[in-house]
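What follows is a short report on a single structure.
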Amino acid sequence: MMEWEPQIWVRAAAFFGGGLCIGLGAIGAAIGEGYTASVANESMARNPSQSNVVLKDMLVGQAVAESAAIFALVVAMILLFSSFSNPSWLTAAAIIGAALSMGFGAIGAGIGSGFPAGEACRGTVRQPAVANKLMTNMLIGAAVCQTPSIFALVVSFILLYTDFSAMPVWPAWAALVGAGLATGLAAIGSGLGGGTTAQASVEGIARRPESASSVTVVMLLGQAVVQSPAIFGLLISFILLFGTYEANSSLAPAMALLSAGLCVGFGAIGPAIGGGEVGRNGVRWVARNPGAGQVITRIMLVGMAVSQSTVIYAMVISLVLIYVV
Amino acid sequence: MVFNLDVILMTWISIALLLILGIFSVRKKSLVPHSVQVLGELFVRQFASLTEDALDKELGRKYAPMITALFMFLLVSNWLGAIPHMSEPTRDLNTPLSLGFMGFVIAHYAGIKAKGFRGYAREYFQPFPFMMPLNLIGEIAKVISISFRLFGNIMGGSIIVLVVSHLIFSLILPPFLVAFFSLFIGTIQAFVFTMLTIVYIAVQVK
């Protein structure tokens, strides 16, 4: 008969989490890179004389898109190879939370960073003269697009390296898993939305290279606002991670904490994708019609703010679940 | 009360670096600028024009010095982590949060000044009166999102540099990681923070 000690459970959770983390984390980057490569093929077919430049754009863009999956790989490796000192039930919960956070968190950023990279390939064959400008803008856009996955990584590491042993197992395990889910799920939409915004900016610069600086500024603004849902997820994660809980062995308080994480996590996906759509057309038309830049930027920001009201509802419910119920 | 002396020290170091840059860029001013003067003029002109674009000319003039100072402080702060044995003051949540709160207060002060208190307060009851609590939360959420964005990026960057350097026994990669996460991401996030502060002011004024 095997003894079911916390030690064994922590090992099991680490193996399970490691698989989950890189399994989920591999989804996004692969889709994004595939998109980049497909657009690169199309671009080379249109203008084979530029194929060297397109190849360079494609590889650089894919390397940036891959970084989200690499974060997931790092977390998975840490889970598989590190030994956890004084293991308890909470350590197992923290491991699962960390794996979920980084696994889900890598999906959106991976797909999203593929968009600007693909568009940079397309733009390069249209306007070979501005290839460098496109590359710079693509790099900035894709790097900002990675931010949600960096948030997920922060939460993962806090979960892995903080000592939670002072907390009561019930209901704190739910808080730890919920913290991972909140940031991880919330990062999906923001990664995607940031990607579509960056894509439009690269396209816009390819069309009107002289508007490059204002397009980059509007893109950064749009991406920043698109990331707000992911930040609300991060906030709820922090509240869950550093809260104080009374020991309570009934199921209800634990479920409240878990669903607080789920609620803001799922609630953040839609507003961020919607905000990304706003950003796509906002940035595209700032590039095509620079005279109306101010009006377009203002409407874009207002539209994003309105579409984000739903994530604020989700955040309010999360806070109610944590503090009131 | 607890003072985080490390963060305070790092903040003072960035302030000192900025002061030195400021002193050297205005010393021996000439029509044909020397190199440090060019640097200073570049920052000031660039951010003055960005502020004037977003606000109008008069208000832009008024807020441009604050905006330029904000950007330069954030830039130096974020770059400080690239130097061994130094850490970014922005890696501690208190710094971004207080800068975000500063932007919030300035934006709302500008809003009240431009529209009068009645006009300012009416904004909260748009589009429907019962939306007031949500509008209030939305305003507070802006402070949270602007400061957590900076904090998360800088903190995340430094964690990645630390962990990846550790995993590969500090071979070859760390300088490139630092160049990307400290210098590149640090610059972008400083710019994003500054631009968002300008936009929050512009939204309140208009």
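Sequence lines, in order, name chains G and D.
Here the first sequence is numbered in our numbering, starting from 1 and rising by one per residue.
Here the second sequence is numbered in our numbering, starting from 1001 and rising by one per residue.
A virtual CB, placed ideally from N, CA and C, is assigned to each residue, including glycine.
From a predicted model like this one, the values you see are computed outputs, not experimental measurements.
Between the alpha carbons of G:Pro148 and G:Leu134 lies a gap of roughly 23 Å. In this structure, the straight-line span from the alpha carbon of G:Val130 to that of G:Gly141 is close to 16 Å. Taking a beta-carbon distance threshold of 8 Å, G:Gln227 counts as an interface residue toward chain D.
With contact defined as three or more Cβ pairs closer than 8 Å, the segment 162-181 of chain G and the segment 73-84 of chain G are not in contact. Residue burial annotation: G:Tyr35 is buried, with at least 16 other C-beta atoms found within 10 angstroms of its C-beta.
Taking a Cβ-Cβ cut-off of 9 Å, the neighbours of G:Thr147 in chain D comprise Arg1149, Gly1152, Asn1153, Gly1156, Ile1185 and Gln1189, given in sequence order. Within the same chain, and ignoring the five residues on either side of G:Leu258 in sequence, the residues whose Cβ sits closer than 7 Å to its Cβ are Ala174, Val177 and Gly178.
Counting only residues of its own chain and dropping the five nearest sequence neighbours on each side, D:Phe1073 has a CB closer than 7 Å to the CB of Ser1014 and Leu1018. Cβ neighbours of D:Ile1160 within its own chain (closer than 8 Å, five residues either side excluded): Leu1177 and Phe1181.
Listed along chain D are Phe1148 and Gly1152, each with a C-beta nearer than 7 Å to that of G:Leu234.
Going by beta carbons, G:Ala224 and G:Arg280 fall outside the 8 Å limit.
For chain G, the residues of the segment 1126-1149 of chain D that bring a beta carbon within less than 7 Å of one of its beta carbons are Leu1134, Ile1137, Gly1138, Ala1141, Ile1144, Ser1145, Phe1148 and Arg1149, in chain order. Annotation: Cβ neighbours of D:Leu1167 in chain G (cutoff 9 Å, chain order): Val74, Met77 and Ile78.
Secondary structure of G:Gly282 (DSSP, three-state): helix. Annotation: G:Arg126 to G:Ala117 spans about 15 Å, alpha carbon to alpha carbon. Under the three-state reduction of DSSP output, D:Phe1003 falls in the coil class, being neither helix nor strand. Boundaries for G:Gly243: no alpha helix (DSSP H) harbours it, and the DSSP string shows neither H nor E there. Interface residue (Cβ-Cβ distance to chain D less than 8 Å): G:Ala143 is classified as such. For D:Leu1017, the nearest beta carbon of chain G is not closer than 8 Å to its own beta carbon.
Taking a beta-carbon distance threshold of 8 Å, G:Val154 counts as an interface residue toward chain D.
G:Ala65 is positioned such that its CB atom lies closer than 8 Å to that of G:Glu33. Note on geometry: alpha-carbon atoms of D:Glu1041 and G:Ala14 lie some 54 Å from one another. D:Met1072 does not reach chain G, its nearest Cβ partner there being about 18 Å away, counting only Cβ pairs nearer than 7 Å.
For D:Lys1113, the enclosing alpha helix (DSSP H) has its first and last residue at Asn1094 to Arg1122. In this structure G:Asn52 is exposed. Its beta-carbon is surrounded by fewer than 16 other beta-carbon atoms within 10 angstroms. At a beta-carbon threshold of 8 Å, the residues of chain D lying near G:Ser309 are Leu1134 and Gly1138, ordered along the chain. Against chain G, the CB of D:Val1164 has a partner CB under 8 Å away; the residue lies at that interface.
Rounded to the nearest angstrom, the gap between the Cα atoms of D:Leu1039 and D:Ser1025 is 7 Å. With a threshold of 8 Å between beta carbons, G:Leu185 makes no contact with chain D. Annotated three-state conformation of G:Met167 is coil, per DSSP. Bounds of the alpha helix (DSSP H) holding G:Arg298 are Gly293 to Ser307.
At a cut-off of 8 Å between beta carbons, D:Met1195 contacts chain G. In summary, G:Ala272 is buried, with 16 or more beta-carbon neighbours lying within 10 Å of its beta-carbon over all protein chains present.
Looking from the CA of D:Leu1150, the closest CA among D:Met1010, D:Arg1118, D:Gly1116 and D:Ile1185 belongs to D:Ile1185.
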